[in-house]
Each structure stands twice: as C-alpha cells, then as structure tokens.
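Peer 1: For the sequence shown, our numbering gives the first residue as 875, with consecutive numbering after it.
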Amino acid sequence: MGALNVKKETVKRAREIQEKIHAALERGVKDLFIAEKLSVKVEVVREARKSLGMSREDVTKKLYEVWKKMLTEGYSIEHIAELYGVKPTSVRYMLWDKERFSMVAAKKQSALLRRSE
Numbered sequence: 875m876g877a878l879n880v881k882k883e884t885v886k887r888a889r890e891i892q893e894k895i896h897a898a899l900e901r902g903v904k905d906l907f908i909a910e911k912l913s914v915k916v917e918v919v920r921e922a923r924k925s926l927g928m929s930r931e932d933v934t935k936k937l938y939e940v941w942k943k944m945l946t947e948g949y950s951i952e953h954i955a956e957l958y959g960v961k962p963t964s965v966r967y968m969l970w971d972k973e974r975f976s977m978v979a980a981k982k983q984s985a986l987l988r989r990s991e
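1. For Tyr869, which three-state DSSP category applies?
2. Which residue comes first and which comes last in the alpha helix (DSSP H) that contains Leu969?
3. On the criterion of 16 or more Cβ atoms from any shown chain inside 10 Å, does Leu906 qualify as buried, or is it exposed?
4. I'd like to know whether the C-beta atoms of Thr934 and Gly902 end up nearer to each other than 8 Å.
5. What do you get for Lys881, buried or exposed, if any count of 16 or more other CB atoms within 10 angstroms of its CB means buried?
6. Just to confirm the assignment, what range does the alpha helix (DSSP H) spanning Lys911 have?
And the structure:
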C-alpha cells in the first residue's frame, strides 16, 4: 500500500506543477522564471508551453497584455517589476518600445476607473 500512496502523491504533485505552469504562462511569465520558482527543469516548462500550443512570442504578447491591464488597474510599475523579476525600467522600456504603450494614458485610465467605483 505504501508504494501506491507514493505514486499517487507523485502524480498529484506533477498535476499541481502542470497547473501552476499553465497559470503562469497565461500571465506571460517566462519559462526560466517559472522553472526557477517551481524548482523544475526549464525543459518541463518548455514542454508544457508547447503542449498549450504557445510560442515564446505568444508568452511575450501575453506578458505585455497583463502588464498593460495591471497598470490600467492602478498597479505600480515597481510592483509589476517585482512580481515578474525584472527592473521597473524594463517594464517601462518594453511596453513603450514594443507596444507604444503610454504610461500617462494608463494613469489617466486608472484614475477614471477609481472614480467610477
């Protein structure tokens, strides 16, 4: 019976890891960062990403979408940078350089959202 319980726990743990990987990828988190946080090999994350039909570019696009949404909702650049393990200047630069996303517009939108609540 003991070996069967160990196998069930192993399967359960593997399923939990896959769910966490999928959730992180949907938030635009990069493979290496996920692997480090979950203490798994990057190949495990890469295979999970591929099983979802996501390319690295898809994950990057998702990342920008999530960041823009968070900024519009009033999160600070510093908070976002800390969550994603990057520098605040990287968040600013990547959103402007790749998406032409204006921080001024995000602040205005955030203020409008707060007033309507």
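Yeah, the Cβ is synthetic: ideal placement off N, Cα and C, and Gly gets one too.
Peer 2: The answer reads as follows:
1. Since the displayed the chain opens at 875 and closes at 991, residue 869 lies outside it and no answer follows.
2. Sequence index remark: in the sequence shown, residue 969 carries index 95 (1-based). First-last of the alpha helix (DSSP H) with Leu969: Pro962 to Glu973.
3. Position 32 of the sequence shown, counting from 1, holds the residue named residue 906. With fewer than 16 neighbouring CB atoms inside 10 Å of its own CB, Leu906 falls in the exposed class.
4. As a working mapping, residue 934 is identified with position 60 in the sequence shown. As a working mapping, residue 902 is identified with position 28 in the sequence shown. Cβ distance < 8 Å, so Thr934 and Gly902 count as in contact.
5. Your numbering for residue 881 matches position 7 in the sequence shown. The residue in question, Lys881, is exposed, as its Cβ has fewer than 16 Cβ neighbours within 10 Å.
6. The count along the sequence shown starts at 1 and reaches residue 911 at position 37. Start and end: Asp905 to Leu912.
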